[in-house]
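Trainee: Chains as they are written, first to last, in my numbering: chain Z, 154 to 499; chain G, 154 to 499; chain P, 868 to 1194; chain A, 868 to 1194. Even glycine gets a Cβ: it sits at the ideal position worked out from N, Cα and C. All figures in this text were calculated on a predicted structure; none of them were measured in a lab.
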Amino acid sequence: MIEIERVGMDEVVAGSHVNHEAVGLTREDVLELFRLMVLTRRLDERSEQVQRQGKTAFYISGRGQEATQIGCAYAMEPGKDWFLPYYRDFGIMLAVGATPRDLALALFAKKDDPASGARQMPAHFGHRDYNVFTSSSPVSTQIPQAAGIAYASKLRGEDAVCYVAFGEGGSSKGDFHEGLNFAAIWKSPVIFLCQNNRYAISVGQEKQMAVEDVASRAIGYGMPGVVVDGQDVLAVYKVTKEAVDRARRGEGPTLIEAKTYRIVPHSSDDDDRLYRTREEVDTYRTSQDPIVRLRTYILENELATDEELDHIDKEALAHVDEALDWAEQQPDPVAEEAALYVFAEA
Amino acid sequence: MIEIERVGMDEVVAGSHVNHEAVGLTREDVLELFRLMVLTRRLDERSEQVQRQGKTAFYISGRGQEATQIGCAYAMEPGKDWFLPYYRDFGIMLAVGATPRDLALALFAKKDDPASGARQMPAHFGHRDYNVFTSSSPVSTQIPQAAGIAYASKLRGEDAVCYVAFGEGGSSKGDFHEGLNFAAIWKSPVIFLCQNNRYAISVGQEKQMAVEDVASRAIGYGMPGVVVDGQDVLAVYKVTKEAVDRARRGEGPTLIEAKTYRIVPHSSDDDDRLYRTREEVDTYRTSQDPIVRLRTYILENELATDEELDHIDKEALAHVDEALDWAEQQPDPVAEEAALYVFAEA
Amino acid sequence: MAEKTNLQAIHDTLWAAMKEDERVLIMGEDVGAKGGVFRVTADFLEEFGEERVVDTPLAELAIVGVGIGMAANGLLPVCEIQFADFIHPAFDQIVSEAARIRYRSNNHWSCPMVIRAPYGGGIHGALYHSQSIEAFFAHVPGLKVLAPSTPYDTAGLLYSAIHDPDPVIFLEHKKLYRLVKGEVPDKLFKLPIGKGEIKREGRDLTIFAYGLMLHQALEAAERVAADGIEVEVLDPRSLTPLDEELLLDSVKKTSKLLIIYEDNEFGGYGAEIAAIVADKAFMDLDAPIKRVAGPMVPAMPYNGPQQDWFMPSVDDIEDAIRELADF
Amino acid sequence: MAEKTNLQAIHDTLWAAMKEDERVLIMGEDVGAKGGVFRVTADFLEEFGEERVVDTPLAELAIVGVGIGMAANGLLPVCEIQFADFIHPAFDQIVSEAARIRYRSNNHWSCPMVIRAPYGGGIHGALYHSQSIEAFFAHVPGLKVLAPSTPYDTAGLLYSAIHDPDPVIFLEHKKLYRLVKGEVPDKLFKLPIGKGEIKREGRDLTIFAYGLMLHQALEAAERVAADGIEVEVLDPRSLTPLDEELLLDSVKKTSKLLIIYEDNEFGGYGAEIAAIVADKAFMDLDAPIKRVAGPMVPAMPYNGPQQDWFMPSVDDIEDAIRELADF
Ligand SMILES: Cc1ncc(C[n+]2csc(CCOP(=O)(O)OP(=O)(O)O)c2C)c(N)n1
Ligand SMILES: Cc1ncc(C[n+]2csc(CCOP(=O)(O)OP(=O)(O)O)c2C)c(N)n1
Ligand SMILES: [Mg+2]
Ligand SMILES: [Mg+2]
């Protein structure tokens, strides 16, 4: 029987379980990972603010899951590979090439939102330019679709890989089962990334499944399963890189489960005090925050100084502010254009 | 990590891997198992004949899977337990108490068919008297239903167990995934029996899944998984009994996979020469036939003589003949009564 | 009697029904500690425990499939689908299974369950938190589909649904959860399933409407009353079984019919209403049967201008009334 | 030209379309070695290999979901659902996903796929191998639903469907697979989607019918012609988009409409036809709009007497024609 692999799960550390050079990354790569994570975080925080100010109608967040997303995306090849993100994947979007402006257009429900022209809620990602397939609200429907995208790449003899994400809640749906099974049979090049943040809205993992690890399901499909510390960007990079290499070699899909935590309520419509304690949330807000972890690693390894990191952070914030201000001024969708594109226009 | 258990899978034997006394069965029990298996087989053979003679419209068969069905049913308590059979489960039906007459009424599409009044095709089992819930054609829909039945029993503090069957093909559906996951979380007393006969109509197991054992999926749900030689009635009895005992003790569900083989075409509408060789089928028709295996065991252990077994067989055949002749003479459904029971009648 | 919103009416009815009868059980996503995303089951967990207020996995197929099993084995499950838009993964369990348990078993088995589904738009819910789903289910023999639109009707029909011997799809318009208020008896009571109600009498034309559209129709009727146009507003409450007699009687009286629904027009529930009247009350009609309904785009957009473009408005209804009255 | 059955027309069109264009691919249960349970893809596996004639796991959700991905990434998948009755597990992937890929992405993505589904009864298929499913899908914006009923129409529309830029549900009546024969061009050809055809001209009344019911309607029309009743028979071929002009023109000519379908009557596809005509051709009508359709029981029974009770027959249609003609 195949055993599932566990990376970074044996002990709790302050920095990373993995050395960046050991996984083929340079100092510049590490700083780029940091930049992407901080950019994602700042965009997230400002998005929350504008929603609270009543400027946007809805806010949903990947806060706390940045290492999982950025580590994974960094192991893939934007432009060549395919992406089927889920609604918390702001980090994936920024890492594959979408700009803060692109994402801000969706937040403000503006005409030029590249995902949907603001037909959909924010965080329903999609971007033709970067092979990000359109996504929807019904949880997990993207999983079999990823298997199909990967099948087509392989049929044509291309070595593109397809990323698809979902929560541990999403792993309970039939779509997960049928999609993974299909991809395993046909050795389709898919990275199935389960971002296990312990909750599906209010439902804790213990009522979602009777197992500790979603990755253990890989055994029943006949694909490798990996559990990784999702707060550790280098560890996530490492396991994803291995999975991507396997997929490119024609060895089929991998199920990666990143153990992470949602440090904010489910969305702007949720009050998480109804179902979890502040103490529980606090660990992940402090020492287990993925950005704190990477900062610690960088400082420990003297890859940059505090000042250099602060500078990156400041630039990220400026970038985000510019994007939000700009997006807010962009034109709204035109009412009658809602009639377009039910079918291909003649 | 939980390992799956394997019973009778290490070597091929002519009789049984298990001694009947070691699993608490008497000589009488063994002969009763033999009688039920032979009765199932004779009913099956005669059903095929009447269909070929044009007396009935459709024939589907559990031939070759009798040990799996009878061994499993014998470990349960008809009258108290619940049953959600699938369409090959003629053996289950006879073992829980349905008579050959009951089943023959469905074959001939007669008014008094206890399953559906001949509204449904034959083999769409159901029998209120024996807690056999009504079944349908869409594969695997019964699986979450079984979880619900078991949940209700447990909620009321009863120790009834619920049997549910499906093929290895049926294990590919979302219903399987969602049903097993629910039952595992709530430790509902369900025996999930996968009758793996290697084919789903024409689709071989290798295109159905990338694993050897459906039972390996139990690991991903957090319930015990067992693989058993499905041609060995005593082995199936043994593993089912253990699972039933666990379930009654409140320890939750078990996934049992019985390795068996469908020695006939999928149904009277199928021609299996299109997709498998005669040689492949022949092993299972001869030495691996479950009735041959049990007969060998009985003779080896001198529990009965050839003559005694032939006598049981002859009686079974007479029983079946009587039932078919009788059923054929029963009244047809009344056309206008098709309007009844869409809802409860006032 | 007390003044309640639709939401309170549902909450209180469920609560009392669970208090009264141990067989009643709630299941769905987030119905426990969170009390449901709309807080319909707020505080239920503490009162009834996690085995009767079941937080399910994120798996609609299982919510319904497991519910069918519970119903077969003596419980009276009330399944919550978080948003009606997410009922589709359970489509097979509802249509192929729940709806046919009794029929396919020749009355030996049954499926007394309720599936609650918050539906409807106008709340910036976008493509997947705004849909109407009644047309899919009203077409299916073996299901009852209820769409009450006032607190009183909601309370009475929910209690009837829980004790109905067959499966009931219970539709709750999200925008109406807190929008309307009305008197509701303090004790559990049943309203007959299959009976509509004339919510406003009139003789110039009949409007058939339910959900948010019922309230918009009543508002439009008020507006035109100022000009002497008297509109009769029929609330079916139960989409199937339909109170056909009430419908035909009203059309007989007014000779004109305007059907309003939020769902996509083509093949929507209102099409059947038109078909029935065009057959059985044809000779009573003085004008074409008109519809005001959602346009034929997949669902309503998120952004304000396009959402408003999608939703039939009070103005749209008013215009349609005037045009039909003038015919 | 050659004389073919519907089955041969489908087989040959798929074959030629795959020969012509590498992007076309077949997937479904048993489509490989067995060549499909109806033998529509007999011998395809040998010719095109297992990667283009994909035997899928028993998983309809995946058949459609995977197909959507293939279509997004440059292929033209033709998904087979073994029996239309088993399409429901894929309902969410069809309705929430395939139908909306273009709309929800503001035209950036599309879903050029065909979902073939053998439907319809009269073949002792019982509750789960006999159903009509068009009403569910014809209601969904973003889907095209085709129901051709002759070999010629079937061949031309299937080829159009394969190259249509949007998702198409392609319905094949099982009883018609071998029942009718007709001339089909030897080369691939396209018929426009959205165009109906008058299959028989007449001036006394219009019948709207498709599938097996079309052929029964033609037979009934022959019978009454002996008595001087001239029935016009309209075959929509495409259920959505609907050829509304052809329908309204025909009703304008005959002033009477009879709608026939095998599916359950209430909320069935024909209800929309009645609703359109009761609005847009009301002034042309001389009689109530009538329907002959399946009764409101969940589906047709297996046993002969009750199956026959369910199915609208040529006699039923003849009676309805005579009654309407006399009106
Ligand atoms: C099919 C479906 N059912 C319910 C919902 C409502 N819903 C949205 S997100 C969510 C929880 C998802 O949890 P998980 O998959 O763990 O992802 P997370 O939000 O925790 O990242 C639910 C229930 C939905 N979007 N789709
Ligand atoms: C949802 C659904 N899809 C397709 C079918 C058609 N069908 C009936 S049986 C069958 C194969 C089932 O194979 P398996 O589950 O292995 O059971 P077996 O027949 O081999 O015992 C198929 C595809 C069906 N009944 N239901
Ligand atoms: Mg989660
Ligand atoms: Mg099988």
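1. Is any heavy atom of ligand 3 found at a distance shorter than 7 angstroms from the C-beta of Z:Ala-175?
2. Just to check, is the beta-carbon of A:Ala-900 closer than 7 angstroms to a non-hydrogen atom of ligand 4?
3. Of the choices A:Met-1178, A:Asn-973, A:Glu-896, whose alpha-carbon is the least far from that of P:Gln-1282?
4. Strictly by DSSP, which residues pair up with G:Gly-320?
5. Looking only at its chain, what residues have a beta carbon closer than 6 angstroms to the beta carbon of A:Ile-982, apart from the 5 residues adjacent to it on each side?
6. Do three or more CB pairs link the region 915 to 927 of chain A to the region 896 to 905 of chain A at distances below 8 angstroms?
7. Can you find a heavy atom of ligand 1 that lies under 7 angstroms from the Cβ of A:His-955?
8. Residues of chain Z with CB closer than 7 angstroms to the CB of G:Arg-370, please, in chain order.
9. In chain G, which residues lie with their C-beta within 9 angstroms of the C-beta of A:Met-1163?
10. Fully enclosed by the region 1014 to 1040 of chain A, which beta strand (DSSP E) runs are 3 residues long or longer?
11. Work out the CA separation of A:Val-933 and G:Pro-342 for me, nearest whole Å.
12. Considering only C-alpha positions, which residue in the set P:Gly-1161, P:Ile-935, P:Met-1178 is nearest to P:Pro-1032?
13. By the DSSP assignment, the beta strand (DSSP E) with Z:Trp-235 in it spans what residues?
14. Does at least one heavy atom of ligand 2 sit under 7 angstroms from the Cβ of G:Ile-354?
15. Spell out whether any CB of chain Z is found under 8 angstroms from the CB atom of G:Gly-327.
16. Just mark A:Asn-873 as buried or exposed, buried being the case when its beta carbon has 16 or more other beta carbons within 10 Å.
17. Name the residues in the region 332 to 363 of chain Z whose C-beta lies less than 7 angstroms from a C-beta of chain G; which are they?
18. Note the first and the last residue of the continuous beta strand (DSSP E) segment covering P:Phe-1075.
19. Rounded to the nearest angstrom, what separates G:Ser-293 and P:Leu-928 at their Cα positions?
20. Could you tell me which residues DSSP pairs with A:Pro-985 in its beta bridges?
21. Can you pull out the residues from the region 971 to 1004 of chain A whose beta carbon lies closer than 8 angstroms to at least one beta carbon of chain Z?
22. For a cutoff of 8 angstroms on Cβ pairs, would you count A:Asp-1153 as touching chain G?
23. With a floor of 3 residues, list each beta strand (DSSP E) that falls wholly inside the region 913 to 938 of chain P, ordered by position along the chain.
24. Rounding to the nearest angstrom, what Cα-Cα distance links G:Thr-179 and G:Ile-223 in this structure?
25. Please compile the residues from chain A whose C-beta is within a distance smaller than 8 angstroms of the C-beta of G:Ala-271.
26. Locate the beta strand (DSSP E) running through Z:Pro-253, then write down its first and last residues.
27. So G:Pro-297 is in the alpha helix (DSSP H); what residue range does that whole segment cover?
28. Should A:Leu-1072 be flagged as near chain G, meaning a C-beta pair shorter than 8 angstroms?
29. Should A:Phe-958 be counted as a contact of ligand 2 given a C-beta to heavy atom distance under 7 angstroms?
30. Report yes or no: is there a C-beta of chain Z within less than 8 angstroms of the C-beta of G:His-472?
31. In chain G, which residues lie with their C-beta within 8 angstroms of the C-beta of A:Asp-922?
32. Verify the CB distance criterion: does Z:Gly-279 have a CB-CB separation below 8 angstroms to chain A?
33. Is the Cβ-Cβ distance between P:Lys-1123 and P:Val-1100 less than 8 angstroms?
34. Here's the rule I'm using: 16 or more other beta-carbon atoms within 10 Å means buried, otherwise exposed. How should Z:Asp-463 be labelled?
35. Under three-state DSSP, which class holds G:Val-445?
36. Just list the beta strand (DSSP E) runs in the region 1137 to 1183 of chain P, keeping only unbroken ones of 3 residues or longer that don't cross its boundaries, in chain order.
Mentor: Reading off the structure:
1. no
2. Relative to ligand 4, even the nearest heavy atom lies 7 angstroms or more away from the CB of A:Ala-900.
3. In this structure chain P extends from 868 to 1194, so residue 1282 of chain P is not present and cannot be described.
4. G:Gln-348
5. Scanning its chain for C-beta atoms nearer than 6 angstroms, with the 5 sequence neighbours on each side dropped, one finds around A:Ile-982 the residues Cys-946, Ile-1036, in chain order.
6. yes
7. no
8. Gly-373
9. Ala-492, Val-495
10. As for any beta strand (DSSP E) of minimum length 3 sitting wholly inside the region 1014 to 1040 of chain A, the runs are 1035 to 1040, ordered along the chain.
11. 34 angstroms
12. P:Ile-935
13. 235 to 237
14. Checking every heavy atom of ligand 2 against the Cβ of G:Ile-354, one is found closer than 7 angstroms.
15. yes
16. With 16 or more Cβ atoms within 10 Å of its Cβ, A:Asn-873 is classed as buried.
17. Asn-334, Ala-337, Ile-338, Lys-360, Met-362, Ala-363
18. 1072 to 1076
19. 12 angstroms
20. For A:Pro-985, DSSP records a beta bridge to A:Glu-1039.
21. Of all residues in the region 971 to 1004 of chain A, only Arg-971, Ser-972, Asn-973, Asn-974, His-975, Trp-976, Ser-977 come within less than 8 angstroms of chain Z when Cβ atoms are compared, listed by chain position.
22. no
23. 920 to 922
24. 16 angstroms
25. Pro-1168, Tyr-1169, Asn-1170, Gln-1173
26. Premise fails: Z:Pro-253 lies in the alpha helix (DSSP H), 253 to 260, not in any beta strand (DSSP E).
27. 295 to 308
28. no
29. no
30. no
31. Ser-355, Val-356, Lys-360
32. yes
33. Annotated as distal: P:Lys-1123 and P:Val-1100, with beta-carbon spacing of 8 angstroms or more.
34. exposed
35. helix
36. 1157 to 1161
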